[in-house]
Structure formats: C-alpha cells, structure tokens
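Note that the UniProt record's numbering has the sequence shown beginning at 1, numbered continuously upward. Just so it is clear, CB atoms sit at the ideal spot from N, CA and C, and this is done for glycine as well. Let me begin by presenting the structure, written as structure tokens, before commenting on it.
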Amino acid sequence: MAHQEIEHTQLPVRGINLHVAQVGKGELGTVVFLHGFPEIWYSWRHQMLAVAAAGYRAIAPDCRGYGLSDQPPENEEDSWVWDDLVADVLSILDALSIPKAFLVGKDFGAMPAYEFALQHPDRTCGVVCLGIPFSPVPFSFDTMPEGFYVLRWGEPGRAEADFGRYDVRRVVRTVYVLFSGAEIPIAKEGQEIMDLADLSTPLPEWFTEEDLDVYAKLYEKSGFRYPLQMPYRSIHKMPNRLDAKFQAPVLMVMGEKDYCFKFPGFETALRSGVMDNFMPDLKITYIPEGSHFVQEQLPEQVNDLLLDFLKVKGHPVAS
Numbered sequence: 001m002a003h004q005e006i007e008h009t010q011l012p013v014r015g016i017n018l019h020v021a022q023v024g025k026g027e028l029g030t031v032v033f034l035h036g037f038p039e040i041w042y043s044w045r046h047q048m049l050a051v052a053a054a055g056y057r058a059i060a061p062d063c064r065g066y067g068l069s070d071q072p073p074e075n076e077e078d079s080w081v082w083d084d085l086v087a088d089v090l091s092i093l094d095a096l097s098i099p100k101a102f103l104v105g106k107d108f109g110a111m112p113a114y115e116f117a118l119q120h121p122d123r124t125c126g127v128v129c130l131g132i133p134f135s136p137v138p139f140s141f142d143t144m145p146e147g148f149y150v151l152r153w154g155e156p157g158r159a160e161a162d163f164g165r166y167d168v169r170r171v172v173r174t175v176y177v178l179f180s181g182a183e184i185p186i187a188k189e190g191q192e193i194m195d196l197a198d199l200s201t202p203l204p205e206w207f208t209e210e211d212l213d214v215y216a217k218l219y220e221k222s223g224f225r226y227p228l229q230m231p232y233r234s235i236h237k238m239p240n241r242l243d244a245k246f247q248a249p250v251l252m253v254m255g256e257k258d259y260c261f262k263f264p265g266f267e268t269a270l271r272s273g274v275m276d277n278f279m280p281d282l283k284i285t286y287i288p289e290g291s292h293f294v295q296e297q298l299p300e301q302v303n304d305l306l307l308d309f310l311k312v313k314g315h316p317v318a319s
C-alpha cells in the first residue's frame with residue numbers, strides 16, 4: 001500500500017505558531033503524538049504512517065520552543081509550563097475541529113498526555129505512554145549523583161556551556177548515542193555530559209545519518225534554550241495529582257533496556273500495581289529489547305501494540 005504523504009502546517013495557537021505534521025483521513029478517529037527530548041514530530045514518522053494506513057488521522061506537533069514551532073516569549077519562563085503544553089493540545093484539536101482524540105506521549109510528552117486526559121476526559125479516547133509512568137507527585141531525583149544528566153541540565157547555563165562547544169548536529173548525535181543505551185548518563189567529576197561519548201561511538205543501527213540531518217536541521221532553528229527549560233528546569237513544577245482518576249483507557253509501553261527504567265521509583269511504579277489506583281483501565285506492556293527510543297528502534301512492535309489498542313479501545317466516531 002502506498003504511503004500517504006505527511007503534510008505540514010503552521011497553526012496559530014495561543015499567540016504562537018505551532019508546527020504540526022499530519023497524515024491520514026481519520027475515518028476511524030484521530031491520534032495525537034507528543035514527543036520528548038531531544039525529539040520532534042519526526043520521531044513519530046513510523047507510527048504516523050501506520051495509523052494513517054489503518055484509517056486514523058495522525059497529528060504530531062513540534063512542542064512549543066522545539067523544531068519549527070515558535071519560541072514562547074522569554075518572559076514566560078516563570079509561567080506554568082506544563083499547563084501550557086496541555087492547553088496547546090486542546091487548541092490544536094479545536095483549531096482542526098476534532099472532538100476527541102487518542103493521545104500518545106513519549107518521554108516528557110507523557111506528562112501533557114496524562115494531564116490532558118485528566119483535565120479533558122470528554123476529549124480523550126485513550127492514552128498511550130512510552131517510557132514514563134504516571135506519577136501523582138513531581139519526580140524526585142534527590143538520591144541521584146551530582147553528575148546525573150537531569151540535575152546537570154537543570155542547572156542554568158551548565159548545559160548551554162557544555163553544548164556550546166559543539167555544533168548542533170554533534171550535540172543531537174551524542175544525546176541519541178547516550179540515551180539509546182541501558183545505563184543512565186552520569187558525568188564524573190570534572191566531566192560534562194557531552195564528554196560521555198565521542199564521534200567514534202557509532203549511532204544506533206536504527207538511526208541513520210539522514211535521520212540525524214533532519215534532527216540537526218530542526219534544532220538549528222530552535223536551539224536548546226527552551227528544550228532545556230522544558231522539561232529539565234520545570235520538573236519541580238509537575239502537578240500534584242494524588243486524587244487522579246483516569247476515565248480513559250491507558251496503555252503504558254516500557255522498553256526494559258530504557259535507561260529510565262533505572263530511575264529511582266520507576267520500576268516500582270510499573271511493577272507494583274500502584275498505577276492501577278489512578279487508572280481503572282490500564283495495561284502495561286514490556287518490550288524486552290526496547291531502548292528509550294523504542295518507537296524508532298522497534299517500530300513494528302510499537303505499531304502493533306498501538307494499533308491493537310486503538311482497535312480495541314476506539315469506538316466509531318461521527319465524522
């Protein structure tokens with residue numbers, strides 16, 4: 001079957017233009033894909049084509065401040081950024097006249113996906129999250145060493161100086177190399193995160209030089225100022241959701257070789273059944289070889305899980 005063409009639009013949303021990639025007719029419904037760091041819409045290329053071929057409309061925005069989306073005004077850095085991401089999703093659905101959608105979130109994109117489902121249950125068909133379990137309280141990394149990349153990048157100016165030694169392409173390349181491994185990136189004393197890999201380390205086999213070119217081009221436009229702000233300097237602002245009750249079905253997909261699996265509390269959150277208290281209709285699926293970028297690394301496996309969830313949990317929607 002011939003692939004449908006992915007189309008690109010700039011949508012005026014809440015005072016900025018968001019870049020949105022979309023494909024598919026959508027007779028069976030709409031799926032919105034929310035990326036993480038250092039990702040962009042392109043991270044979902046394999047999933048978008050698969051759901052479009054199955055009869056859905058796929059929509060993947062570049063998060064505000066990422067890729068081809070506008071940078072939020074400088075002075076808004078103190079504003080409640082997680083809610084901005086939720087409001088952006090709502091505005092995209094409204095602008096495209098979409099009554100309800102499935103949300104698929106990856107890495108920090110899982111947070112607005114969970115939060116959207118809680119704030120707008122009437123607009124949510126279901127939620128699929130990759131790599132990041134639902135947390136009713138902000139993540140705490142107090143027990144991690146000082147060189148842990150999240151703590152380093154949360155320090156104003158530190159990553160800017162580290163990244164600034166290299167061109168954007170090399171920064172993205174290094175992050176993809178480090179983050180596709182099973183170990184948490186942690187710098188030693190006198191070392192920065194960019195020192196943890198060099199150009200002699202090969203890219204993962206599922207990630208081509210051409211893929212890297214696409215990422216580099218998009219980050220050349222956006223830079224890293226906002227991507228460091230969101231998520232790394234906003235983790236402490238995650239909402240408290242101890243009373244959360246999800247009305248929509250949730251599928252959580254976790255690669256067992258994802259370094260996040262080793263974050264404090266993550267494995268317990270996934271394996272202990274605690275998420276069931278918040279999500280009455282929850283399924284957790286593990287992909288044994290899956291890395292942090294499981295949707296790019298093993299697209300067939302992820303697409304099968306995703307299409308299965310859409311088919312079982314989706315109801316015919318009025319067009």
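Start and end residues, beta strand (DSSP E) containing residue i
i	result
His8	7–13
Asn17	16–23
Phe266	Here Phe266 belongs to no beta strand (DSSP E); instead the alpha helix (DSSP H) covers 266–271.
Phe163	Counting along the chain, Phe163 falls outside any beta strand (DSSP E), though it belongs to the alpha helix (DSSP H) covering 158–163.
Leu151	Where Leu151 is concerned, there is no enclosing beta strand (DSSP E), although the alpha helix (DSSP H) it sits in stretches over 149–154.
Phe141	First-last for Phe141: undefined, no H or E at that position.
Phe33	30–34
Lys283	282–287
Member of the options whose CA lies at the smallest distance from the CA of residue i
i	options	result
Pro146	Ser180, Gly190, Pro136, Gly181	First, the amino acid is wrong: residue 146 is Glu here, not Pro. Of the listed residues, the one whose Cα sits closest to Glu146 is Gly190.
Pro156	Arg170, Ser234, Lys217, Ile92	Ser234
Ala269	Ser135, Thr30, Leu310	Ser135
Ser200	Arg170, Phe116, His236, Asp107	Arg170
Pro99	Met275, Gly273, Met238, Gly29	Gly29
Ile186	Met144, Thr208, Gly154	Met144
Val89	Met48, Pro112, Gly154, Glu7	Pro112
Pro133	Gly314, Tyr286, Leu298	Tyr286
Gln4	Glu192, Ala182, Ala50	Ala50
Ser91	Pro231, Phe108, Leu18, Asp142	Leu18
Phe37	Trp153, Val86, Asp142	Trp153
Ala161	Val81, Glu192, Ala182	Glu192
Whether residue i touches residue j by CB criterion (8 Å)
i	j	result
Leu196	Tyr176	no
Cys129	Met252	yes
Tyr259	Phe148	no
Ile40	Tyr215	yes
Phe102	Leu310	yes
Gly131	Lys106	yes
Gly265	Gly290	no
Ile184	Lys262	yes
Leu228	Leu68	no
Gln297	Trp206	yes
Val250	Val127	yes
Val137	Asn240	yes
Pro231	Phe108	yes
His35	Asn303	no
Cβ separation of residue i and residue j, assumed to be a contact under 8 Å, to the nearest whole Å
i	j	result
Val23	Thr9	Not quite, the Cβ-Cβ distance comes to about 12 Å (not below 8 Å), so this is no contact.
Leu118	Arg173	Actually they are not in contact, since the Cβ atoms of Leu118 and Arg173 sit about 36 Å apart, beyond 8 Å.
Val104	Leu307	Actually they are not in contact, since the Cβ atoms of Val104 and Leu307 sit about 11 Å apart, beyond 8 Å.
Phe293	Phe224	Actually they do not touch by this definition, with Cβ atoms about 18 Å apart.
Residue i, enclosing alpha helix (DSSP H) - first and last residue
i	result
Lys307	Before going further, note that residue 307 is Leu rather than Lys in the sequence given. That run of the alpha helix (DSSP H) goes 299–313.
Gly126	Unbroken run through Gly126 is the beta strand (DSSP E), 124–130; no alpha helix (DSSP H).
### Query
Which parts of the stretch 176–259 are runs of the beta strand (DSSP E), unbroken and 3 residues or longer, counting only runs that do not cross its ends?
Qualifying beta strand (DSSP E) stretches, in chain order: 250–255.
#### Entry: Uninterrupted beta strand (DSSP E) stretches inside the stretch 87–118 (no shorter than 3 residues)
101–106
#### Entry: Residue ranges of each alpha helix (DSSP H) within the stretch 37–68, 4 or longer
45–53
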